[in-house]
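The opening residue of the sequence shown carries number 28 in the numbering used here; numbering runs sequentially from there. One structure below.
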Amino acid sequence: MEQNKQNKARILKGVVVSDKMQKTAVVEVLRLKKHPKYKKYFKISKRFKAHNPEDQYHIGDKVLIKEARPMSKEKRWIVVGLANDKSKVESS
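Listed below in structure tokens is the structure:
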């Protein structure tokens, strides 16, 4: 086994749009996509269900989510913490 194996989990920044489920938050992630012909950028949004173990993040919070193993049918992300625009994410 390799002990120097690096964790390649994706980390995304988004906004909590729902926290009604137990230990789960729905996080909406926005990204810009460029139209191939017209070269104009437009917004694409996608919602991810993320594990929120202590229910500490609520609607409107800007959070970081990290890819993880499947925890249920649709939940494959974990809320890492609050997102600060000026700070960078340290991989753990």
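Every residue, glycine too, gets a C-beta built ideally from N, C-alpha and C. Because the structure is a prediction, the values reported are computed rather than measured.
*asked:* Please state the DSSP three-state secondary structure of Tyr-68.
replied: strand
*Quick one: residues in its chain with C-beta nearer than 7 angstroms to the C-beta of Lys-70, no 5 flanking neighbours on either side, listed in chain order?*
Leu-57, Leu-59
*Between the CA atoms of Val-42 and Arg-96 - distance to the nearest angstrom*: 21 angstroms
*asked:* I'd like to check one pair, Ile-105 with His-78: are the Cβ atoms closer than 8 angstroms?
replied: yes
*Find the nearest neighbour of Asn-34 within the set Glu-101, Met-98, Glu-94, Thr-51, judged by alpha-carbon distance.*
Glu-94
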